[in-house]
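Every position in the sequence shown, counted from 1, becomes a number in this note's numbering once 89 is added. We put the CB at the ideal spot given by N, CA and C, even for glycine. All values reported here derive from a predicted model rather than from experimental measurement. To start, the structure itself, in structure tokens.
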Amino acid sequence: MSTPAPELRRLARGGSGNLAGLLFYGAASFFSVVIVTRSLGAREAGAFLIAVAAFSILVRTTQLGADIGMVRTVSGHLALGRGGELSRVARAALIPVALVSAVAGILVFAFAAPLAELLAGTAMAPTVRGCLRVVAVALPFAAVYQVLESTSRGYGTVRPSIVVEKVGRVSLQLAGIGAVTALGLGPVAVTAAWSVPWLIALVALALWTRALHRARAVGAVPAPNEDPNAAGSFWRFAAPRAPAATFQAGVMWSDTLILAALTTTAEAGIYSTATRYMIVGSFAQLAVSQTIQPIFGRLIATDDLGAAEQTYRSGSAWLVALTWPMFLTAAIFAVPLLRVFGPAFVTADNALVILSLGWLVATGCGPVDNLLLMAGRSGWTSLNAGVGLALNIGLNLWLIPRYGIEGAAAAWAASLMWMNVAPLVQVRASLHMSPFGPAWPIAFTGALGVFGGCLVASRVAVGETALGLAVGLVVAVGAYGAYLWALRRPLHLHTFAAGLQRRRKRPA
């Protein structure tokens, strides 16, 4: 079976731009956390990060699965020539999200005091209460915004996502956090500076998405093809996704909340700060996943399963090639990386190693959850995520009292592995697809053997220091780049390069 070069070029164009945007996003988010930890210290930074964790779980929950539903619906409807139905579907998706998220925000605002007492104890409860009330106000704006961001990607372009989400919003957050900390203000002001850009970004993205719809969907549907139950069909797919989104957000963020409740705000701040490296590393995964979702949706809608599998295999190999060097760096040089945040944060070095190993397994499975979703198995993803969250909470409650932040890291790593290996087995059984094509072992060998080997050699020769990290990265990047160049054809990197060249000639 030949590789679908047009789809890979489309993935390369979108994925490269999305990756560039996400690298900027990651850098801005990372420096925001550095500013917060350096300015506020572990305990007060923990108050801010507890509010961010609660907000992140709620914003995913109150999207009701409409974010993934809109990616699939928009891409599928356009592929089938039914774009005229999308206005009605968009209204049916956004109104419930706005109402549910507003109710959730009101409840969090009203019950912020007991929540803060539960999560932070008496000493830090007033500060955490203020932070929770700030994010409660931002919640409905963020939930609607996230659904619109997913909708824009369904139109086959990642440009609005890059400009507004990956660059604009985080730039405003970085500038705002820098300003309030320079003025000597505390965690509540930092939380406000982090929250206000959600509203600004919502306005910008709403205007851009409306323009996309007018340009690409209006008038595209012949009247006989119109489905009077398009909104119902949308929610039949999206509704089972809602629990999955809640469960996945819980896996990502519940450890911070449980750690705060069982230990101290400072411990939660140290742990949550250390996980920033994992989130930065996961941005490459997100770049591929966000770009590949509408491609999967289009190919599956047109029943081109062969091209879908080949795209899945190439995307999986690129994912290993992109993400594994980041996670290996975090595992091998945890101590100098954590010193960036301050001396107190070095105590999370073992936790960072554990998390890195979990992410290596998770990304090694490729964008498997996206494939399962676009194939219409949203109920399966909900089940997988529900088991993952139960595993995460159970392990956190068992391990944190014994091992502290290392226990929280082990719980997250175990949950991540389950939530990627389970859909891997399901995709193989139901769709007869696997990520392990000819390019996968090449990417695996290069990332682990070449890049990782250079880092290990530098740590042994120079030490686990900033100098050892610098020397290791210089050697590893050079050797790994040469390896990828030599094997660019079996890795389909020549197709990636062709996609980049086309990107320079026309907008993505």
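Three-state secondary structure (DSSP) at residue i?
i           : result
residue 578 : coil
residue 552 : coil
residue 111 : helix
residue 268 : helix
residue 516 : helix
residue 454 : coil
residue 522 : coil
residue 245 : coil
residue 203 : helix
residue 344 : helix
residue 156 : helix
residue 177 : helix
residue 150 : helix
residue 218 : helix
residue 464 : coil
residue 393 : coil
residue 364 : coil
residue 273 : coil
residue 280 : helix
residue 406 : helix
residue 493 : coil
residue 599 : The structure shown does not extend to residue 599, since the chain spans only 90 to 597, so no value can be given for it.
Quick one: residues in its chain with C-beta nearer than 7 Å to the C-beta of residue i, no 5 flanking neighbours on either side, listed in chain order?
i           : result
residue 495 : 439, 440 and 443
residue 123 : 429 and 430
residue 477 : 336, 340, 504, 507 and 508
residue 342 : 142, 145 and 146
residue 150 : 334, 335 and 338
residue 558 : 422 and 425
residue 363 : 427, 434, 437, 440 and 441
residue 260 : 117
Please return the same chain residues whose Cβ sits closer than 6 Å to the Cβ of residue i, not counting the five positions on each side in sequence.
i           : result
residue 560 : 547 and 551
residue 312 : Unreliable placement is indicated for residue 312, whose pLDDT of 42 sits below 50; no coordinate value is reported for it.
residue 593 : For residue 593, the predicted structure reports a pLDDT of 46, less than 50, and the residue's modelled location is therefore unreliable. A value from the coordinates is still provided. Excluding sequence neighbours, residue 593 sits near nothing in its chain.
residue 230 : 287, 288 and 291
residue 332 : 471
So which of the options has the shortest CA-CA distance to residue i?
i           : options               : result
residue 409 : 375, 221 and 179      : 375
residue 563 : 544, 554 and 576      : 544
residue 581 : 421, 404 and 454      : 404
residue 326 : 471, 120, 110 and 523 : 471
residue 528 : 557, 487, 500 and 406 : 406
residue 181 : 159, 281 and 190      : 159
residue 202 : 218, 282, 420 and 192 : 218
residue 432 : 130, 245 and 111      : 130
residue 571 : 542, 535 and 557      : 535
residue 565 : 414, 346, 368 and 110 : 414
residue 178 : 110, 114, 322 and 370 : 322
residue 368 : 257, 388, 492 and 445 : 445
residue 285 : 302, 350 and 234      : 234
Using 8 Å for Cβ pairs, my map puts residue i next to residue j. What's the rounded Cβ distance?
i           : j           : result
residue 475 : residue 329 : In fact, because the Cβ distance is near 11 Å, the residues do not count as touching under 8 Å.
residue 297 : residue 249 : 4 Å
residue 243 : residue 162 : 7 Å
residue 276 : residue 133 : 5 Å
With a cut-off of 8 Å, does the C-beta of residue i fall near any C-beta of chain D?
i           : result
residue 324 : Of the chains in the structure shown, none is chain D; there is only one protein chain.
Output needed for residue i: all residues of its chain with C-beta closer than 8 Å, excluding positions within five of it in sequence on either side, in chain order.
i           : result
residue 555 : 425 and 428
residue 197 : 143, 147, 204, 221, 222, 224, 225 and 228
- Query: How about the region 343 to 358 and the region 192 to 209: do they share at least three Cβ pairs that are nearer than 8 Å?
  - Reply: The region 343 to 358 is in contact with the region 192 to 209.
- Message: If contact is defined by three or more beta carbon pairs under 8 Å, each pair taking one atom from either stretch, is the region 261 to 279 in contact with the region 175 to 189?
- Response: Put simply, the region 175 to 189 does not touch the region 261 to 279. Fewer than three CB pairs are less than 8 Å apart.
- Item | the region 391 to 404 contacting the region 479 to 494, beta-carbon criterion three pairs below 8 Å | Two segments are said to touch when three or more pairs of C-beta atoms, one from each, lie closer than 8 Å; by this definition the region 391 to 404 does not touch the region 479 to 494.
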